[in-house]
Every structure is written in structure tokens, then in C-alpha cells.
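Data block below; observations after.
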Amino acid sequence: MHSWKKKLVVSQLALACTLAITSQANATTYDTWTYYDNPTTALDWNNMDAAGTVDGNYVNYSGFVYYNNANGDFDQTFNGDTVNGTISTYYLNHDYNDATSNELNISNSVIHGSITSMLPIGYYDRFDTLDHDGYSEYYRFNNGTDTVDGNWYDGDVFTLNIANSTIDDDYEAFYFTDSYKDGDVTKYTNETFDVSEGVAVNLDVESNINISNNSRVAGIALSQGNTYNNTYTTESHNWDNNINVFDSTVTSGSDYILDSAYTTDTGTFGTGHFGNSDEPSDYTGAGDVALSFTDDNGASDYAMKNNVYFSNSTLMGDVKFTSNWNANFDADGDDTNGDGVPDTNHGWADDGLNVDELNLTLDNGSKWVGQATYTVDTTSRMYDVETNSLTPGATLEDNAWNRIVGNEVFQSGVFNVTLNNGSEWDTVGDSTVDTLAVNNGSQVNVSNSDLTSDTIDLTNGSSLNIGEGGYVDTDHLTIDSYSTVGLTESTGWSTYSNLYANTITVTNGGVLDVNVGQFDTEVFSTDKLELTSGNTADHNGNVVSGVFNIHSSDYVLNADLVNDRTWDTTQANYGYGTIAMNSDGHLTINGNGDINNGDELDNSSVDNVVAATGNYKARIDNATGAGSVADYKGNELIYVNDVNTDATFSAANKADLGAYTYQAKQEGNTVVLEQMELTDYANMALSIPSANTNIWNLEQDTVGTRLTNARHGLADNGGAWVSYFGGNFNGDNGTINYDQDVNGIMVGVDTKVDGNNAKWIVGAAAGFAKGDLSDRTGQVDQDSQSAYIYSSARFANNIFVDGNLSYSHFNNDLSANMSDGTYVDGNTSSDAWGFGLKLGYDLKLGDAGYVTPYGSVSGLFQSGDDYQLSNDMKVDGQSYDSMRYELGVDAGYTFTYSEDQALTPYFKLAYVYDDSNNDADVNGDSIDNGVEGSAVRVGLGTQFSFTKNFSAYTDANYLGGGDVDQDWSANVGVKYTW
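In case it helps, mature numbering (1 follows the signal peptide of the UniProt record, and there is no 0) puts the sequence shown at residues -27 to -1, 1 to 951.
As C-alpha cells, this is what we get:
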């Protein structure tokens, strides 16, 4: 009997009842233990009266299941029943010659107690004295019949079906009082009677257990019982157990029996009860076994194969696996040819038949909280068997690296755990398994506990999370297909590595995630980190690489960094591994050292190995608007502590840091940050003054068109006018780059004034415009309001002078996405004063035509405020000055249809020079955002007078060649003259 098995106590509560089992056709409550009291005699455990004795004094058991219940046994079906006590299938399981199925069905029922395939045994007088730890006597119960056949028949498997039922291991004791001793001071007050094995289901026969439909079972223990059969000779057999759990829960049984946990300091017995606990998962003691599989049959030649499957179910408690060698296997080896040298381990030729197995699978969102433990035998020598496991007690190198050099073993049992489809294992205590496969979004969480496995494989978005106090050891850890192994700063590192693996392979989007502080000690230890990618042929020609992510850690990798990938895209092994970090992270690659050739440090004269080999990309994950160029440019990201390295590194991405983007660049055996172009948000911020100027230039053109039209066509004595204006611009000065759309409206009123030497048009106007500025993810919404006063003087010699003064207010809302996807926004406003001056000569061509050469100059002077974007990029208030110089010619002809109607088409051609030499201060750096250069303007327009007082006009222009190209602009208006 194992130390974790619970004991049930018989003490002093009077309970006298009669069990009468007549039929299980209707829902019934059954008590399997009863006491028949004769008040004239005392109960004598050693000479207890037989059950049914008239006037007897005895404890009776009536819980056997048999196909024939004529003698009072249970039949094979419970439906809607309640059973208090223990159900035994001993006779059902051992009736091998009977044609009746070896099956028990429990549905819609509650078993307050347990099910066993063994004969119940009563132990008593355990607590006669307070310091008594053993059993003085026991009593074995039977139904008075013999089993038909004592042989074991491979394949005669007991099937236990449990549906919508509870087996709660809650029958803690059968309490009764012997009335003969009542009041006798010499009577035993602690007569005890143990009937349970510490779990709800305890079987020593080959079993298929099916648990479904929201059932709850408080623990299962399966052991290899008798395997003798006098007809079996040389053929092989397996002892097969299968447990299938669907939509149900299996928990541990009682840690202690009720009122039996002895406390030496008080001399009393406390309580330890599981069955009615509100939180069964709270049990964390060493005895919290939910599943137990034991092959300790030293006489058996056959292995025990256990397969356990959970689907959408919960396992709360430890899983224990105990294995011993088959009787026909020799762990030390045998000399069969007499030469004094052992040459065989005997056993079965097929190694698999010599090995017990426990295969535990969690599927479809199942969860396990508990410990995995096993006890196995191992060979001292392997002669004709192959290794089937690695041993935690392996031989290590006698140096500072402590790498495993001798770990192969052939052991009597293997324990394999598989998690599929979103399942979870939260480890408890010290867990040891042979293989651990975590698939399809499943997770293993290791905190305040240890996990050891020969191999750990994670696939399809699964995770291994090592938290505070968690330790994981393995020979080979594979992180595949977007899975993650996480080591976080809260883990509370000690002087030992929290993850140890001889080899770590990260591939196909898998991530080894080390998110610790700047100066934490080494949190994982490995001999070789294989950071690689799958073949492109498996990913539609794309490279899907493994990622080693150190975040902001200043991390030292004392391991070889390797892969077999090439940059040759024509090769099948084209690909790379990815090293990810934040801009303040740093990775030093020392290599794993070499016991024959020193280590891989630069100063080692005997070094003929390399710390890093293969092809890699370096990825910068963080983004921020803070920081100057000096904070980032040239910063070292990776240092390979070996000048002989042939590893190549290139940029995986560009990261937004401050006002610029940066990427990784290899320089010898180092990788540094290389400054690139402006970020999207900085580009927008620096483009705003130029974009404001574009709006103002369109307003200048609109006012200019009004004055030009006043000099041509029918007589214009001043009036009221309204005009739409709009255009599209593309700016690029080599630093900033943008695309801008503008739409606006101007309204004005003016009048004609006759002077001594000239005729004047004097007026005022207001402009309102909206702009949309963009480039990549950057976006600026612009609003502007302007006020103008303008005039035009036309002299008798056809020379004219146009002029205007303006005030403008610009408001700009900026937004963009950073390289890490973070949204950033900000707002800035500015005020501006401007002027325009144009001098020209109207050369008349007959009565209707004209050619007008002209020259103009205009200027806008902006003063902006200091502002900061949401990502902490700071822009100091900028005084932005823009001047435009233009030399051109207008030509047109007026077609007069009547005294009140005329059409004047015209053409424009001009040379334009923009002078805007400006710098902005961003994060303390001066950045050029001025736009300038020579351009050519080409325009067409027309004015049509509908009546003497009402006319409409339109024109379109193109301007290109400078830093800002005006792809198009349009002006459409109407005027009413006085």
C-alpha cells in the first residue's frame, strides 16, 4: 500500500442498518457497509461472526458487482442511484469463462466512496495508542464464492463507463458503536476499519475507463495485477489500460482521512478531507495523486501500456508512474556464450515490449494542474537494446561549461505528455517526463516548480512560460511554427539558469523570448542556439524564421549561434534566423567554448572555432519619438566575441527612433544602428510649414486672377466676387516628402477709384481652406483662415501694379503610425503675415488681343508654436520664411458677342523661383525643411460675361520643377460688378 493512499476509519458513531438489495431498476440509495450488533456479546475482529449469523455480532460488506445478483450482489448498471461506501468488481473481473461482458456502467449517479477490482480489506486497531503507525490486524471480505479461473487472459479488458456521475472518494469512515461495550471504561474507543485506496477508482485489471458528460472522479489508480496464464508460453503480450475523459473532471483523492491526521503536539487528529472541498485544486500536498499507474509485478514478463486522453476536461492533481523491469529482462546483462563477457539483456527482441508506457494527452482546451512523476528501473549496461531516454543524472563535462556528455539510458518505462488544441498544463512540484509535445495553441506554465523532459517540442502557436521560481531542463528544446518560450523579468533568477537545454532550435516563426532587466544574469543556458528558418518551399517561397528576442536586455549568450541557411535565393536552404531587440538592447555572443581548443574569445591564440555562423537578420522592435540623432546613430546592437566569425547580419526592418528611422548594419563582427530617412510623423511635422505656404500661394493666385480679369473683357468698376480654389502638390526636398490636396473658397469686395495718374481697384477679401497632407502613414488635416486687402493701379501707359497684404492663421492636426504600429498624434498652429507685388505691362494687340509681360514677388512669414507629439517628439517653434519670384507672360483675346456679352480666353507661361531656406529644431537636432528651386508655370483660363454686370471665370495651372510640384490648381469664380 502506497504512502499516499488514504485510510478509512471506523470509530464510535452508532449506525445500525440493514442492507437489502433487491433491484437497481429504480433510483435507490445503497450502503455497502453495515454493522449488526448483538448487545450481549462484544465484536471480536479475530473471530467475527459470519455474515447472516442469527444474533451475530459482525461488520458486513455488500458491495460486490456480479452478472448474477441473485445472491444480493449489485448488477452491472447504476442509473440515478446513490452508493455510500465501496463497490468491488472483483468477481465480475475474474469470471473469465463467463460470457457476460466484463463491464460496469454508472450514469446519473453519485458514488460516495470508491470502486475497486480487489477484495476489500478491513484494518483495525490502528490507533490503539497515539504513537501507533502500523496495522495490528486486518479482515478480508468476500461473498463466499470462488473465482472460476485464476488465469489472466490478455484482451479480457474491464470496461468502466461513467456518465454524468460523481465518484467523490467521500466515504471517509464507517462509524458504529458496539453496544456491549457502551459504558465500559476498558472498551476500545479507536477501533478502525480501512476500506479505501486513497482514490475513487482503484483497479488491478486491464481496464478501459470512459468518463463523460460532466462527470467528476476523485482519482484513478491502475496497477498491473496477476499476469499468469498456464497456456502462455513464448508469445508476447501487453497489459493495456485506456482512460478517456470527455467534458469531465478528474481530481485527486483525500490527502488525509477525515479526523485522522495525527498531530503530535496536541495528541489529536485533525481533518483532511477532499470529497466535499469547494476548491479541489487547492490541494498541493505530496499525496495529491489524481492518476496513478503502477507496474510493480516482479513476476510478470509483460509491459504495461497506459494511454490517457482528456478532451475539454480538467485534471487536478498529480500523475504518478511507477515501472519495473519485466521478469524476463536482465538489467545487468547475461553471458550466454560462456566467454565471460555479458552479451544480452534478454527480454523480448522488440525493445518496445520490454518497456512500460504512460502516454497522457490533453486535447480541446483541457487543463491539468499537477505534478508528473515517475520511478523507473534503468540498465547498468546496454548490450542488445537501444537507448529510449535520457537520464537527469547524466555525466557532465568536468569544466565550467558543465555540458552533458553521457546521458543515454534504456529504462523500464517512458512517460510522454502531449497537449493539443488550446490545452494547458500548470506544473506543480518537480515534474519529470520523457517527451513533452505542446501543439496548436496549447501552453505549459512553470512557476515555483521544476520540469524535466528529454525533449520539449512546441508547435503551431503554443507556449512554454517560465515564471518566478520556475526551472526547466531538457536535452533538446524545439520552438516551432509561431510558438513561444517566455522568460520574464519577474521570474526571480537565482545563480542557476532557469532554462537549460543542450540544444535550442527556434524556427518557422517560433520565438525564444527573454524579457529581463539590463543587467540580469544568464537566465537560460545552452550549448547551441540554432536560430533558423524552414525551407521556403514549405512556405510558398517566403522565409519564416525563428526569433531570439532579448527586448532591452544587455544579454550575454555563452553558446554557439548557428544555422545552415544561405543568402542564395536559388538554394533550397535559403533563409535566416532573426535576432530581435529594442534599440537599448545589446547581445554579446561568446560561443560555447571548446575543451580542446580553448574558447572563442578574441584573444585566444588557439581558437579555431567560431562563436556564430550562418545568416541572420537583426530586428528593432521598439519605437519612440524621443531622442536625438546622437542617442541612436552608430549604437552597437550585437557583438560577436570572435574575430573569426563568418556570420552575416542584415536589417530585418526599420524602426522609428526620435525623428528618424534606423536599421541594423553589420560592421565587421559588430552590428550597429544606421540612420535612415525621417519617420512618418517627423516628416509630417516638418512638412507643415511648406504645406501652409502652398495654401497661401493658391490664395495669392486667386486674388491675382481677380485683378487680372478686371483689366480685360468688359468694363469692370469693381464689385463682389466669390471663387473656389484648389490644387494638388507634391513636395520633396530630399528630406521631407509629402502629397497635399487643397480646397478652399475666397470672397471679396472691391471698387474702382479714379486717381490723378491711374485708375485703381481697391478691395478686401477673406479666404477659407482645408488641406489634406499625407505620406505613407502620416496624415495632417489643415484648416486656414486668411484676410486680405488688395489694390491694383493701372496707368495711362498700360503699366500696372498689383499689391496685397494678408494675415493667415493655420491649424494642423497630425497623425501617423510608428514602426511598431503605435498611433501617434499632435496639433500645432501658426500665424503668418504675407505680401504680394506684381508689375506688368498690357501690350494691346488690336482692339481685342493682349500680351502682358510681368514680374512678381511674394512672401509669407510664419511663426509657429512649440509642441510635442503623443510619442514625445518635440518640435521647437519655427519661424518659416518663404519667398517666390516669378517672371512670365499672359496672352489673351476678347470675343465680343454684344454690348453685354464677351468671352476672354487666356494663356499663361512663367518662370518661378521659390526661395525657402529653413531649418527646424526637432529633439534638439536641426533638420532642413526648406523647399526651393526653379519651376515653370503653365496655365489656361477664360472669363465670360453673361451680362454687363455678371460674369464667371475659371483657370487651371501646372507648376513643376522645384522642390514642390503643383500637379494642378484650379480657380472657378463669379463676380458681380457695380
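All residues carry an ideal CB built from backbone N, CA and C; glycine is no exception.
Residue pairing by DSSP places H85 opposite N57 in a beta bridge. When C-alpha distances from D901 are compared across D892, V909, S907, A908, the shortest belongs to D892. Taking a 10 Å sphere around the C-beta of R113, we find fewer than 16 other C-beta atoms and assign the residue as exposed. In the three-state DSSP reduction, T346 falls in the strand class (E or B).
Cβ-Cβ separation between Y926 and G914: approximately 7 Å, consistent with a contact (criterion under 8 Å).
Three or more beta-carbon pairs separated by less than 8 Å link the segment 855 to 862 to the segment 816 to 834, which places the two stretches in contact.
Scanning D723, I88, V715 for the CA closest to the CA of G744 turns up V715. By the 16-neighbour rule on beta-carbons within 10 angstroms, K340 is buried. When DSSP states are grouped into helix, strand and coil, R767 belongs to the strand group. Straight through space, the alpha carbons of D141 and Y31 are spaced by roughly 27 Å. A straight-line Cα-Cα distance of about 54 Å links A191 and N626. Here D427 is not near T346, since their CB atoms are 8 Å or more apart. From the listed residues G946, K590, M846, the smallest Cα separation to Y697 is found for G946. Going by C-alpha positions, S843 is about 31 Å away from D938. Straight-line spacing of the CA atoms in L812 and G677 works out to 12 Å. The Cβ atoms of N412 and L392 lie closer than 8 Å to each other. Of the candidates V262, T348, G343, G325, the residue whose Cα lies closest to the Cα of N297 is T348. Following the DSSP letters along the chain, one finds P662 in no beta strand (DSSP E) but inside the alpha helix (DSSP H) bounded by residues 653 to 683. Counting only residues of its own chain and dropping the five nearest sequence neighbours on each side, L680 has a CB closer than 6 Å to the CB of S765, D775. By the criterion of a C-beta distance shorter than 6 Å, A943 is surrounded in its chain by G699, A929, once the five residues flanking it on both sides are discounted. The DSSP-derived three-state label of N215 is strand. Just so you know, the alpha carbons of N481 and S518 end up roughly 5 Å apart. T451 is positioned such that its CB atom lies closer than 8 Å to that of D430. In this chain, the beta strand (DSSP E) harbouring L860 covers 852 to 866. In summary, A805 is buried, with 16 or more beta-carbon neighbours lying within 10 Å of its beta-carbon over all protein chains present. Taking C-beta atoms under 8 Å as the contact rule, S781 and S757 qualify, at a distance of about 6 Å. The Cβ atoms of Q344 and G386 do not sit closer than 8 Å to each other. Using a Cβ-Cβ distance cut-off of 8 Å, the segment 601 to 609 and the segment 526 to 534 are not in contact, since fewer than three pairs of beta carbons, one from each stretch, lie closer than that value.
Counting the other CB atoms within 10 Å of its CB gives A173 a total of 16 or more, which places it among the buried residues. Annotation: the continuous alpha helix (DSSP H) that includes H67 extends over 63 to 67.
For A584, the secondary structure class from DSSP, reduced to helix, strand or coil, is coil.
With distances taken between CA atoms, I79 lies nearest to I182 out of D820, I182, N475, I439.
Ranked by Cα distance from S196, the first of F51, N508, T267, G934 is T267.
Taken atom to atom, the span from the alpha-carbon of Q851 to that of L646 is near 29 Å. T425 and R189 have their C-alpha atoms spaced approximately 30 Å apart. A check of alpha carbon separations from D305 across L335, D350, V342 identifies D350 as the nearest.
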